[in-house]
Amino acid sequence: MEIFSVRSSQSLLFKNNPNNAKSSKTSHIEIETRAPATASFQIDDNSNEGPDFTAVSPGELRNYARQSFDSGLIDQSTYAAISEPLPMHAIDPLGNVIDLSSVTDGTSFNFLDYYKNQLQIAMSIGGSDEVQTLKSIVNFLDS
Numbered sequence: 043m044e045i046f047s048v049r050s051s052q053s054l055l056f057k058n059n060p061n062n063a064k065s066s067k068t069s070h071i072e073i074e075t076r077a078p079a080t081a082s083f084q085i086d087d088n089s090n091e092g093p094d095f096t097a098v099s100p101g102e103l104r105n106y107a108r109q110s111f112d113s114g115l116i117d118q119s120t121y122a123a124i125s126e127p128l129p130m131h132a133i134d135p136l137g138n139v140i141d142l143s144s145v146t147d148g149t150s151f152n153f154l155d156y157y158k159n160q161l162q163i164a165m166s167i168g169g170s171d172e173v174q175t176l177k178s179i180v181n182f183l184d185s
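Position one of the sequence shown corresponds to residue 43 (the numbering used here), numbered consecutively onward.
The following block contains the structure:
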């Protein structure tokens, strides 16, 4: 008397049955491909104009700066300075205190004027490294 494993006898019966052999073929299986996801914010290669830095959110600015850093348009110190969160308060060139606590990642903000003002202040009282970094940021935003 021969003893077969239940598992092997079922698999042999399944393979040998002509009705099951047709259903085990994989030629009719199709793999669906999804359309590639679109980036929420990217640099447009066809246009020389970047986003309007007088009305952009901090999150959008960071995304644009990251893409510019990855493509080699800005250096690491410029990217790091742009990526830093805004302070709660800043001083304008006239010495007035500006409240920036209401600026969030979804709030539009005039970064071009902000960094130009910070550059003016740094040129009068700041160090040379800070001035160079702010000049680089202003050049990046102004281009």
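Using N, Cα and C, we set each Cβ at its ideal position, and we do this for glycine too.
- Contact between the segment 122 to 136 and the segment 152 to 171 is established, with three or more Cβ pairs separated by less than 8 Å.
- Straight through space, the alpha carbons of S185 and S110 are spaced by roughly 12 Å.
- P100 counts as buried, since at least 16 other C-beta atoms from the protein chains shown sit within 10 angstroms of its C-beta.
- Taking each of S143, F95, M165, E102 in turn and checking the Cα distance to L128, the smallest one comes out for S143.
- As summarised for the segment 95 to 181, the continuous beta strand (DSSP E) elements at least 3 residues long and confined to that stretch are 131 to 133, 139 to 141, given in chain order.
- C-alpha of G114 to C-alpha of S178: approximately 13 Å in a straight line.
- A residue is called buried when at least 16 other Cβ atoms come within 10 angstroms of its Cβ; T120 meets this threshold and is buried.
- Sorting S166, N152, E126 by C-alpha distance to the C-alpha of F95 places N152 at the top.
- Excluding five sequence positions before and after G148, the CB atoms of its chain that fall closer than 8 Å to its own CB belong to S99, G101, given in chain order.
- Taking the Cα positions, S150 is about 12 Å away from P93.
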